[in-house]
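Each residue of the sequence shown is one higher than the one before, starting from 1 at the first, in our numbering.
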Amino acid sequence: MKIRDIALARSGDKGNRATLSLIAYDPADYARLERALTAERVLAHYQGVVHGAVQCFPLPHLGAVHFVMNDALGGGVTRSLALDAHGKTLSAAILDLALDADKDWTASTLDPRIP
């Protein structure tokens with residue numbers, strides 16, 4: 001089970017900071033998303049890309065978790081030599097992060113078409 005199975009992601013830039021939002025498809029999965037995605041785990045996932053602190057902002061009323069990743073964009077759009085100076089591909093990278101599935105929680109819980 002991966003993040004992509006329960007949430008969508010969107011990322012962007014604010015200077016040399018990357019922003020990353022994950023929104024649960026189903027409000028019932030928000031708590032699982034919030035437990036699975038800590039600032040420490042996100043920083044570890046982006047090791048070598050994010051060189052500063054990661055801040056986590058839970059948004060339960062939206063069913064979302066928002067992260068601000070400092071020193072993540074090579075100086076920002078106007079200074080970075082990176083191909084993705086805006087940090088847009090960071091959202092795709094988080095979607096493959098594995099979740100620890102509970103014994104009663106499987107893909108068939110999310111999609112009734114899966115046997």
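Glycine included, each C-beta is placed from N, C-alpha and C at the ideal position.
Predicted model only: the values in this text are computed from it and were never measured.
Comparing alpha carbon positions, the residue from G63, C56, Y25 and L62 closest to N70 is C56.
DSSP places D13 in the strand class (E or B) of the three-state scheme.
Here I23 is not near L37, since their CB atoms are 8 Å or more apart. The beta carbon of R10 sits closer than 6 Å to the beta carbons of S21 and S91 from its chain, once the five residues preceding and following it are set aside; these are given in chain order. Shown here, V50 sits in a strand according to DSSP, grouped into three states. Of the candidates D5, L73 and L33, the residue whose Cα lies closest to the Cα of A18 is L73.
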